[in-house]
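Here is the structure we will look at, set down as structure tokens.
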Amino acid sequence: MGSDDLIALPRDDYDDVLAQAAYKGAMRALEEIGYDPKNENWVEDLRDGISLVRSLKDARSSAKKTIWQTFVRVLTIVIIGLALAWWGIKIPKIPGGSL
6 MGSDDLIALP
16 RDDYDDVLAQ
26 AAYKGAMRAL
36 EEIGYDPKNE
46 NWVEDLRDGI
56 SLVRSLKDAR
66 SSAKKTIWQT
76 FVRVLTIVII
86 GLALAWWGIK
96 IPKIPGGSL
């Protein structure tokens, strides 16, 4: 990169060029994900999309919690069942009794 490639700009012009580039990049990003900035409802559509993502996140969290609760319940039932079976084996037989 030689000195011929450099451009000198006043600070205000540099800020304007940078802001314009950021704006164009944001608009291009919105268009790439399916939002048309020329559409009047694009902000509302974007909010709906964000709301949907939050709902999916909450649903995932709820499902994860339910799975863990179910796992703990099943594990508890298995442990209690094994303890009762062990206890049943260990009970001394009553002589002359019919069980």
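Residue numbers for the sequence shown follow our numbering, beginning at 6 and rising by one. Cβ coordinates follow ideal geometry from the N, Cα and C atoms, glycine included.
Specify the secondary structure class of residue i as computed by DSSP and reduced to three states.
| i | result |
| --- | --- |
| LEU11 | coil |
| ASP41 | coil |
Quick one: what's got a C-beta closer than 8 Å to residue i's C-beta in the same chain, skipping five residues either side?
| i | result |
| --- | --- |
| MET32 | PRO42 |
| TYR40 | TRP47, ASP50 and LEU51 |
Regarding residue i and the ligand HEM, is the C-beta to nearest heavy atom distance less than 7 Å?
| i | result |
| --- | --- |
| ARG16 | For the structure depicted, the ligand HEM is absent and the ligand set is empty, with no information on it obtainable. |
Can you find the residues in the same chain that come closer than 6 Å, C-beta to C-beta, to residue i, ignoring five residues on each side of it along the sequence?
| i | result |
| --- | --- |
| SER60 | none |
What ranges does the beta strand (DSSP E) occupy inside the segment 51-103, keeping only unbroken runs of at least 3 residues that lie completely in it? none
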